[in-house]
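Working notes, beginning with the structure itself.
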Amino acid sequence: DVKVTQSSRYLVKRTGEKVFLECVQDMDHENMFWYRQDPGLGLRLIYFSYDVKMKEKGDIPEGYSVSREKKERFSLILESASTNQTSMYLCASIRGGNPNQPQHFGDGTRLSIL
Amino acid sequence: AQKVTQAQTEISVVEKEDVTLDCVYETRDTTYYLFWYKQPPSGELVFLIRRNSFDEQNEISGRYSWNFQKSTSSFNFTITASQVVDSAVYFCALSESNNNDMRFGAGTRLTVKP
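Written out as structure tokens, the structure is:
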């Protein structure tokens, strides 16, 4: 079974802090994704990556950056956290070139910015 | 870009009732893939089903059934004889053949009362 692991289930940070959310997958998947989930808005794509050191903006990249230094790890970075970034963050992965396959998700990180 | 609409924000039913969750999608691609995911209170998204655009055959899996109609761009999900354990948020999603980024609907929160 594919395992997607997010480093924290719950995280509390302060406004202005630099925040790192880590995601690791163990199935050698090329493609990895970061979403945020908010009530009534569903899952919105922040960034995705097709390969190491490659990244593409999703629908809501403002205020975020990402890092993919190794194939198995995809990090989401909040350069200067703000209260409107309080949300549930979900990481997913999928093998490259397979849009017909379901994405595999981690358990999510519930981030609160105070 | 593709778009998924789940007009029902919340649905509440009593156990053993049948319930249908609606999903309407938009895409310009002729080859695409539709998905349903379940998100129980624990938070992890669980893949339920995938449908290819060229396969309109409806599918039944136990108490779950899916009705895919290209003519109305809909991919509805019916739970027969609902149970309390069906309480969750359900997401419909769409990916196109020429890219790997999936788009999700806003989700429908289903509550099944005993």
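Chains L and U are the protein sequences, given in the same order.
If you're matching positions, the first sequence starts at 1 in our numbering and goes up one per residue.
If you're matching positions, the second sequence starts at 1001 in our numbering and goes up one per residue.
For each residue, glycine too, the CB sits at the ideal point set by N, CA and C.
Residue i, enclosing beta strand (DSSP E) - first and last residue
i                  : result
Glu-1026 (chain U) : 1024-1026
Leu-11 (chain L)   : 10-13
Gln-1069 (chain U) : 1064-1069
Ala-1093 (chain U) : 1088-1096
Asp-38 (chain L)   : 31-38
Tyr-89 (chain L)   : 87-94
Ile-46 (chain L)   : 42-49
Val-1014 (chain U) : 1010-1014
Gln-25 (chain L)   : 19-25
Asn-1052 (chain U) : 1046-1052
Lys-1038 (chain U) : 1032-1039
Gln-1006 (chain U) : First-last for Gln-1006 (chain U): undefined, no H or E at that position.
Thr-1116 (chain U) : As shown, chain U starts at 1001 and ends at 1114. That puts residue 1116 (chain U) outside it, with no answer to give.
Asn-1076 (chain U) : 1074-1079
Chain U contact for residue i (CB, 7 Å cutoff)
i                 : result
Phe-48 (chain L)  : yes
Phe-105 (chain L) : yes
Leu-45 (chain L)  : yes
Leu-114 (chain L) : no
Ala-11 (chain L)  : Note on residue identity: the sequence assigns Leu, not Ala, to residue 11 (chain L). It does not: the Cβ of Leu-11 (chain L) has no partner Cβ on chain U nearer than 7 Å.
Leu-41 (chain L)  : yes
Asn-84 (chain L)  : no
Gly-108 (chain L) : yes
Proximal residues to residue i (C-beta, below 6 Å), its chain only, five neighbours per side dropped
i                  : result
Lys-1003 (chain U) : Glu-1026
Phe-1068 (chain U) : Arg-1051, Glu-1056 and Phe-1075
Arg-1103 (chain U) : Gln-1002, Val-1004 and Leu-1094
Lys-13 (chain L)   : Val-19, Ala-81 and Ile-113
Ser-1065 (chain U) : Thr-1078
Proximity test, Cβ basis, 7 Å: residue i and chain L
i                  : result
Tyr-1090 (chain U) : no
Ala-1106 (chain U) : yes
Glu-1044 (chain U) : yes
Asp-1022 (chain U) : no
Ser-1095 (chain U) : yes
Asp-1101 (chain U) : yes
Phe-1047 (chain U) : yes
Phe-1035 (chain U) : yes
Arg-1050 (chain U) : yes
Close beta carbons around residue i, own chain, < 7 Å, minus the five adjacent residues each side
i                  : result
Val-1112 (chain U) : Val-1013, Glu-1015, Ser-1082, Gln-1083, Val-1084, Asp-1086 and Ser-1087
Glu-30 (chain L)   : Tyr-50, Asp-51, Arg-95 and Gly-96
Gly-16 (chain L)   : Ser-80 and Ala-81
Arg-1063 (chain U) : Ile-1079, Thr-1080 and Ala-1081
Own chain, CB closer than 8 Å to residue i, minus 5 neighbours either side, in chain order
i                  : result
Asp-38 (chain L)   : Arg-44, Ser-87 and Met-88
Gly-42 (chain L)   : none
Lys-1070 (chain U) : Ser-1053 and Glu-1056
Arg-1050 (chain U) : Tyr-1033, Leu-1034 and Phe-1035
Asp-1101 (chain U) : Ser-1095
Met-54 (chain L)   : Arg-68
### Query
Counting Cβ pairs, one atom from each stretch, are 3 or more of them under 8 Å apart for the segment 1089-1104 of chain U and the segment 1004-1023 of chain U?
yes
### Message
Which residues of the segment 58-74 of chain L have a Cβ closer than 9 Å to any Cβ of chain B? Give them in chain order.
### Response
Among the protein chains in the structure shown, which are L and U, there is no chain B.
### Task
Decide if the segment 8-22 of chain L is in contact with the segment 76-86 of chain L; the criterion is three or more beta carbon pairs, one per stretch, under 8 Å apart.
yes
### Task
Decide if the segment 3-19 of chain L is in contact with the segment 101-108 of chain L; the criterion is three or more beta carbon pairs, one per stretch, under 8 Å apart.
yes
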